[in-house]
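S.K.: Sharing a structure, written as structure tokens. Questions coming.
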């Protein structure tokens with residue numbers, strides 16, 4: 673069945689077959705997309721439509737794409753739909769987050785095993801019981817990447833929310849905090865590590881579409897000043913780039929040995 677045309681099809685009609693690589697790193701902001709692309713061997717901008725900035729180039733001789741998704745589930749779902757339609761096979765999301773648990777230091781990485789589906793958008797794709805889980809190869813490659821780079825990290829379950837999130841007082845008259853305090857306590861009791869707004873939608877779509885995907889976040893909340901500090905943002909970019917490099921290496925080894933999956937030894 674032919675895909676229905678709409679305003680975001682092929683990212684506003686700016687992308688066509690061959691513009692999206694099998695390996696894709698997605699992130700919320702356009703500025704971080706450019707930071708990611710600057711680490712490629714070479715790249716060119718192929719689209720800039722609404723919140724979607726897309727750069728495609730090569731990394732270690734393999735094609736790779738960086739794509740901004742904007743914020744929130746609906747925006748991310750559009751990006752994943754179009755990336756899948758244009759040939760993406762592996763998608764790694766990198767982003768920033770604030771911790772729910774109190775065990776994080778500033779600039780710790782959080783590598784997600786899966787996500788709580790409080791995002792809203794993922795429920796348009798599957799029933800609430802359907803899991804939002806990372807592909808085991810991307811999860812393991814992310815851990816190996818953090819280890820090789822020497823970056824502190826934690827693994828576990830994250831949560832995707834559809835609002836400003838737990839304990840936020842940013843709502844007018846602090847209205848949101850009345851509801852999100854309850855959400856925060858539930859997540860805290862369940863051992864959920866941090867909150868975002870985009871991962872679970874991507875993970876659910878990826879499982880349905882047989883796309884290999886995973887998520888790496890970085891905690892940029894400075895516990896001393898209780899403010900956001902972006903000076904270590906490069907860590908999650910470096911870890912994302914190295915994760916894709918590891919997956920490329922594994923895929924090459926698998927194709928040469930004619931095997932389907934790599935189970936790494938760490």
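Numbering (our numbering), first residue to last: 673 to 938. We put the beta carbon where it would ideally sit given N, CA and C, even for glycine. These numbers come from a predicted model, not from an experiment.
(1) Could you tell me the alpha carbon to alpha carbon distance between residue 916 and residue 906, rounded to whole angstroms?
(2) Which two residues bound the contiguous alpha helix (DSSP H) that contains residue 767?
(3) Which residues in the same chain as residue 863 place their Cβ atom closer than 8 Å to its Cβ, once the five residues preceding and following it in sequence are excluded?
(4) In whole angstroms, what separates the C-alpha of residue 749 from that of residue 874?
(5) Helix, strand or coil, according to DSSP, for residue 785 in the structure here?
(6) Could you tell me the distance, in whole angstroms, from the CA atom of residue 616 to the CA atom of residue 710?
(7) So is residue 676 buried or exposed if we call it buried at 16+ other beta carbons inside 10 Å?
(8) If you follow the beta strand (DSSP E) that residue 718 is in, where does it begin and where does it stop?
(9) Let me check understanding here. Comparing Cα to Cα, which of 888, 929, 833 lies closest to residue 652?
(10) Is residue 929 helix, strand or coil by DSSP?
(11) Report the rounded CA-to-CA distance for residue 734 versus residue 826, giving the unit in angstroms.
(12) Given 8 Å as the limit, is there contact between the stretch 683 to 695 and the stretch 706 to 726, that is, 3 or more CB pairs closer than that?
(13) Roughly how far, in whole angstroms, is the beta-carbon of residue 704 from the beta-carbon of residue 870, given that I think they are within contact range, below 8 Å?
(14) For residue 920, count neighbouring C-beta atoms within 10 Å of its own C-beta (all shown protein chains included) and say buried if the count is 16 or more, exposed if not.
(15) For residue 859 versus residue 813, is the C-beta spacing smaller than 7 Å?
(16) Comparing C-alpha positions only, which one of 928, 757, 844, 924 sits nearest to residue 732?
(17) Would you kindly report the start and end of the unbroken alpha helix (DSSP H) that includes residue 873?
M.R.: Reading it off the structure:
(1) So the two alpha carbons sit approximately 16 Å from each other.
(2) Looking at the DSSP string, residue 767 is not in any alpha helix (DSSP H); the run it does join, the beta strand (DSSP E), is 762 to 771.
(3) Hits under 8 Å: 773, 828, 829.
(4) Distance between the alpha carbons of residue 749 and residue 874: 7 Å.
(5) If DSSP states are grouped into helix, strand and coil, residue 785 belongs with the strands.
(6) Summary: the structure shown does not reach residue 616, with the chain confined to residues 673 through 938, and so no result is reported for it.
(7) Residue 676 is exposed by the Cβ-count criterion.
(8) Element bounds for residue 718: 714 to 721.
(9) An answer regarding residue 652 cannot be provided, because it is not within the stretch 673 to 938 covered by the chain.
(10) Three-state DSSP puts residue 929 in a helix.
(11) In this structure, the CA atom of residue 734 is about 29 Å from the CA atom of residue 826.
(12) Taking 8 Å as the limit for Cβ pairs, the verdict is that the stretch 706 to 726 does touch the stretch 683 to 695.
(13) Contact between residue 704 and residue 870 is ruled out by a C-beta separation of about 13 Å, above the 8 Å threshold.
(14) Classification for residue 920: buried.
(15) Against a cut-off of 7 Å, the Cβ pair of residue 813 and residue 859 comes out as no contact.
(16) Per the C-alpha coordinates, the member of 928, 757, 844, 924 positioned closest to residue 732 is 924.
(17) Its alpha helix (DSSP H) spans residues 871 to 881.
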